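Count the sequence shown with our numbering and you get residues 45 to 392, in order.
The C-beta atom is built at its ideal place from N, Cα and C for all residues, glycine as well.
What you are looking at is a predicted structure, and each value in this text was computed from that prediction instead of being measured.
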Amino acid sequence: MPGPGTSLADRRRVERLEALGFQVASGSEPTADGWPSAVYQTTDEGSSIDFELSDGYYLPIGVRVDPDAGPAEDGWPRVLFREVDHGDGDSQRVEFVRIPGGSCAMGDFTPSGGRLRDNAALPVHRVTVSGFYMQRFEVTIGEIAAYYRGLRVAEAEWPHHPFRDYVRRVQDAFGLHQARRHPASCLDHIEATRLAAGLGGRLPTEAQWEYAARSRGKNHVFVGDDRERALILVEGAGSLPVATVPVEEGAEDQTEQRVADLSGNVSEWCRDYYEAYPETPSPDPDPWVRPAGRAGLHVVRGGSLFDGEANARTFDRSDPFDRINLAEYVGFRIVIKPPAIGPALGAD
C-alpha cells in the first residue's frame with residue numbers, strides 16, 4: 045500500500061486494483077500517469093501471478109499486445125503473445141486471443157433426436173462470464189522446458205517421472221525441435237495449476253472453456269460448427285508413435301475467435317472441481333466449483349486422440365479425473381484475465 049506521501053489519486057488507483065484482487069508488487073514505482081508499474085495476484089490455489097504495465101495494460105511478465113491484430117469487439121486488444129526462446133536459436137510464438145464476455149445456456153442443448161442425451165451435461169443452465177484471453181493452442185513441452193530452464197531446473201529434476209518419460213518418448217520419435225511443439229501431457233491437476241500460474245495465467249474454468257469452444261456460447265455441437273474438422277485429431281492414437289501431434293499440425297478446428305485444437309489431440313484440465321450441474325442459473329459471474337468440501341475430482345474437457353466423436357462435442361464432460369491422475373491424453377491451456385483498468389482503457 046502506498047505511503048503517506050502518495051497522492052490521493054494514486055491511492056485511489058491502488059484501491060481500485062486491490063478491489064479487483066491485485067496487490068502492488070514490492071519495489072513497484074508509479075508511472076508518469078500514477079499507476080503502479082507492477083502488480084501481482086494471489087490465486088485461490090496459493091500461487092502468485094506477476095503483471096507489469098506494458099502497452100497500456102497490466103499483462104503477465106513477457107506477454108505483449110500484438111499491434112497488428114487490432115482490437116476485439118469489446119475494445120481490448122484482439123491478440124496477446126509471448127515469444128518463447130528455446131536457447132539454441134529456436135523460438136516459438138505463443139498467442140492468446142480475446143474472448144469478449146457474455147452469457148450462454150451451458151450444457152447439452154441438443155434435442156434427444158432419438159438418442160440418449162449427455163446426462164453429465166444436464167441440466168442446461170445459464171452462465172455469465174466476463175472477458176478473458178485464452179491460449180490459442182495447448183501448452184507445449186517447449187513452453188514448460190523454457191519455464192524450467194528459467195528456474196534453473198534440469199530436466200532430470202522436472203516433477204513427475206511420467207511427464208519426463210513422455211517427453212523423452214516424443215523426442216525419440218520426432219526429434220527435439222518437433223517435440224517442443226507437442227502438447228504437454230502426463231501432468232496432474234496440481235502441477236498443471238502451478239505451471240499455469242508460472243506461465244502467467246490460470247486453468248480455464250469449465251464455463252470459460254465451453255463458452256470459448258462454442259464461439260462465445262453459440263449452439264455449436266462441434267468447434268467451429270464443423271464436425272469434419274473437429275474430428276481430425278480424435279480417435280487415432282493407435283497409428284502414432286505417441287498419442288499426440290504438434291499443436292499446429294492438423295488442428296483445423298477453430299472457433300470464430302481462432303482458439304484451436306479444443307476438439308482433439310489431448311483433453312484439457314479445467315480449474316473446477318467436479319460436481320453435477322445446478323438446476324438454476326448461476327447467480328455469480330465467472331462461476332467455478334471451489335474445493336471446499338469437494339472430493340479431489342476435477343473436470344476434463346475436450347476430446348483426444350484416444351477418444352471418440354462424443355468426447356469432441358463442445359458441451360461434453362469427460363469422466364472426472366482425480367487431481368493426481370497422470371493420463372497421457374490430458375494436457376492444459378491457460379487463460380489470462382488482466383485487471384480491467386489502466387491507461388489504455390482511460391480508467392482513473
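Verify whether the separation of the beta carbon atoms of residue i and residue j is less than 9 Å.
i: Ser72; j: Pro80; result: yes
i: Pro335; j: Asp88; result: yes
i: Leu370; j: His204; result: yes
i: His169; j: Tyr321; result: yes
i: Gln252; j: Asp330; result: yes
i: Pro167; j: Gly186; result: no
i: Leu103; j: Pro382; result: yes
i: Pro325; j: Val171; result: yes
i: Leu349; j: Gly280; result: yes
What is the DSSP secondary structure of residue i, reduced to helix, strand or coil?
i: Thr86; result: strand
i: Glu73; result: coil
i: Glu254; result: helix
i: Arg225; result: coil
i: Ala165; result: helix
i: Ile143; result: strand
i: Arg126; result: strand
i: Val303; result: coil
i: Ile385; result: coil
i: Leu231; result: coil
i: Leu61; result: helix
i: Ala149; result: strand
i: Pro46; result: With a pLDDT of 48 at Pro46, under the threshold of 50, the modelled position of that residue is not reliable, and the figure given next carries that caveat. Here Pro46 sits in coil by DSSP.
i: Asp112; result: coil
i: Pro248; result: coil
i: Ile93; result: strand
i: Val211; result: helix
i: Pro206; result: helix
i: Thr176; result: For the record, residue 176 in the displayed sequence is Phe; it is not Thr. Of the three classes helix, strand and coil, the one that applies to Phe176 here is strand, per DSSP.
i: Thr184; result: strand
i: Leu243; result: coil
If you draw a straight line from the C-alpha of residue i to the C-alpha of residue j, how long is it?
i: Arg260; j: Gly145; result: 8 Å
i: Glu59; j: Leu231; result: 37 Å
i: Gly157; j: Ala149; result: Its pLDDT being 46, under 50, Gly157 is placed unreliably in this model, and the value from its coordinates should be taken loosely. If I take the Cα positions, the gap works out to 19 Å.
i: Gly90; j: Thr237; result: 10 Å
i: Gly119; j: Asp209; result: 44 Å
i: Gln222; j: Ala200; result: 20 Å
i: Tyr239; j: Thr154; result: Correcting the residue type first, residue 239 is Leu in the shown sequence and not Tyr. Rounded to whole angstroms, Leu239 to Thr154 spans 36 Å at the Cα level.
i: Val343; j: Phe359; result: 12 Å
i: Arg361; j: Val333; result: 14 Å
i: Pro206; j: Gly78; result: 48 Å
i: Asp270; j: Asp297; result: 8 Å
i: His233; j: Val183; result: 14 Å
i: Trp202; j: Gly194; result: 13 Å
i: Asp33; j: Arg258; result: The question about residue 33 has no answer, for the chain in this structure spans 45 to 392.
i: Ala76; j: Ser174; result: 29 Å
i: Arg273; j: Ala295; result: 8 Å
i: Glu250; j: Arg212; result: 31 Å
i: Arg246; j: Arg377; result: 8 Å
i: Val265; j: Arg357; result: 5 Å
i: Asn263; j: Gly114; result: 27 Å
i: Ser229; j: Tyr373; result: 6 Å
i: Glu318; j: Glu312; result: Before going further, note that residue 318 is Tyr rather than Glu in the sequence given. The straight-line gap from Cα to Cα measures roughly 14 Å.
i: Ala164; j: Tyr177; result: 27 Å
i: Thr86; j: Arg315; result: 15 Å
i: Gly268; j: Asn355; result: 15 Å
i: Leu64; j: Ile105; result: 19 Å
i: Pro248; j: Arg367; result: 15 Å
i: Glu293; j: Glu300; result: 19 Å
i: Ala256; j: Phe365; result: 22 Å
i: Asp363; j: Thr288; result: 20 Å
i: Pro121; j: Ser135; result: 23 Å
i: Arg345; j: Tyr101; result: 30 Å
i: Leu52; j: Ser147; result: 37 Å
i: Ala68; j: Tyr192; result: For the record, residue 68 in the displayed sequence is Val; it is not Ala. Rounded to whole angstroms, Val68 to Tyr192 spans 26 Å at the Cα level.
i: Glu235; j: Phe218; result: 25 Å
i: Tyr84; j: Ser70; result: 10 Å
Since I believe residue j is in contact with residue i (beta carbons under 8 Å), could you give me their beta-carbon distance rounded to a whole number of angstroms?
i: Val310; j: Gly375; result: 4 Å
i: Gly244; j: Ile380; result: 6 Å
i: Gly340; j: Ser307; result: At roughly 27 Å, the Cβ-Cβ gap does not stay under 8 Å, so Gly340 and Ser307 are not in contact.
i: Gly110; j: Val123; result: Note that residue 110 is Asp in the sequence shown, not Gly. The pair is a contact, with the Cβ atoms about 4 Å apart (cut-off 8 Å).
i: Phe125; j: Arg142; result: The Cβ separation is near 12 Å, so there is no contact.
i: Asp99; j: Pro74; result: Not confirmed; about 18 Å, so no contact.
i: Pro286; j: Val214; result: A small correction: the amino acid at residue 286 is Val; Pro does not occupy that position in the sequence shown. Confirmed, Cβ separation roughly 5 Å.
i: Arg180; j: Arg302; result: 6 Å
i: Glu96; j: Ala82; result: 5 Å
i: Arg224; j: Ala198; result: Incorrect: roughly 17 Å between the Cβ atoms, too far for contact.
i: Leu275; j: Glu323; result: Their Cβ separation, rounded to whole angstroms, is 32 Å, which puts Leu275 and Glu323 out of contact at 8 Å.
What residue ranges within the region 305-380 form continuous alpha helix (DSSP H) runs of no fewer than 4 residues, ordered along the chain?
none
Minimum length 4: unbroken alpha helix (DSSP H) runs contained in the region 257-288:
271-274
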